[in-house]
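Okay, so here's the structure we're looking at.
Here you go:
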């Protein structure tokens, strides 16, 4: 199902987006050497509940996972890239951490992810990985607008990732959001321009380029959730929820001034 949101629903999406973005910024600032992934999950729960929002993950039980997820934020470290299940692991200097968070507020969902390096060390390739996903995300947002096709967005994302030298996995990508977290349409991280669904004002999309340093193959942890690079290489993941408007694409998951 593809939902087209009303102006009132888009206002609620903005509020949901602010909760997601501000929570992620706070979690990033608190994620230091020695921080446990379980602490990050606990902080996420507290902030979501304090904001009057609801987690999209805690009861999430799709066919590809070993559900329910049972936690409030995805915490993916180093070679883990998607659906990282929080565990008793203390962050070390130089760890590349991706946090992915989705909440519902007022019946509308927003979804976002950030990647960053913990501490002062910068292991080779880490900054380049993160930068590529952020630039690809920006390109996808620029390509999104009323009348554009999904293929235009996917092509823009894929061009940046490919030019940076990364292979692209097409098993997981962006998606529609609205009253639920994962909806149609699927937004691949590579594609052909001029193809696919034509974007309309009121459509809410979560765009999420992600890459692995030297492979496109994923493996799943024994926890049934955490997806890692098959070679053990580092990974990165960036995501924003955007609304298609008459003037282009509005980013819903930017932090408020108080959280910056």
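In full-length UniProt numbering, the protein residues as written are 1 to 260. C-beta atoms are modelled at their ideal positions from N, C-alpha and C, and glycine is treated no differently.
CA-CA distance, residue i and residue j?
i           : j           : result
residue 93  : residue 43  : 21 Å
residue 129 : residue 29  : 20 Å
residue 254 : residue 18  : 6 Å
residue 198 : residue 124 : 40 Å
residue 27  : residue 2   : 31 Å
residue 235 : residue 243 : 27 Å
residue 73  : residue 148 : 32 Å
residue 96  : residue 194 : 35 Å
residue 249 : residue 145 : 5 Å
residue 76  : residue 7   : 35 Å
residue 120 : residue 137 : 25 Å
residue 33  : residue 178 : 36 Å
residue 246 : residue 201 : 6 Å
residue 203 : residue 183 : 11 Å
residue 21  : residue 117 : 18 Å
residue 38  : residue 214 : 29 Å
When we look at the beta-carbon of residue i and count the other beta-carbons within 10 Å, is it buried (16 or more) or exposed?
i           : result
residue 158 : buried
residue 64  : exposed
residue 170 : exposed
residue 141 : buried
residue 4   : exposed
residue 239 : buried
residue 165 : exposed
residue 111 : buried
residue 263 : Outside the shown range of the chain, which is 1 to 260, sits residue 263, and nothing can be said about it.
Near residue i, which residues of its chain fall below 8 Å by C-beta distance, leaving aside the five closest residues on each side in sequence?
i           : result
residue 162 : 168 and 190
residue 48  : 19, 23, 54, 55, 72 and 103
Within the same chain, show all residues whose beta-carbon is closer than 7 Å to that of residue i, passing over the 5 residues directly before and after it, in chain order.
i           : result
residue 67  : 60 and 61
residue 71  : 41, 57, 58, 85 and 86
residue 187 : 150, 153, 154, 173, 174, 175, 205 and 207
residue 219 : 228 and 230
residue 221 : 228
residue 36  : 88, 89 and 90
residue 217 : 230
In terms of residue numbering, what span does the beta strand (DSSP E) encompassing residue i cover?
i           : result
residue 249 : 248–251
residue 292 : Residue 292 is absent from the model: the chain starts at 1 and stops at 260.
residue 174 : 174–176
residue 244 : 240–245
residue 230 : Taken as a continuous stretch (DSSP letters only), residue 230 belongs to no beta strand (DSSP E), as it is neither H nor E.
Which same chain residues, not among the five before or five after residue i, have their C-beta less than 6 Å away from its C-beta?
i           : result
residue 114 : 24 and 99
Please report the residue range of the alpha helix (DSSP H) in which residue i lies.
i          : result
residue 16 : 7–30
Continuous alpha helix (DSSP H) assignments of at least 4 residues falling wholly in the segment 91–156: 126–143
Segments of 4+ residues assigned as alpha helix (DSSP H) that fall wholly inside the segment 32–99: 37–50
Runs of alpha helix (DSSP H) lying entirely within the segment 167–213, each at least 4 residues, in chain order: none
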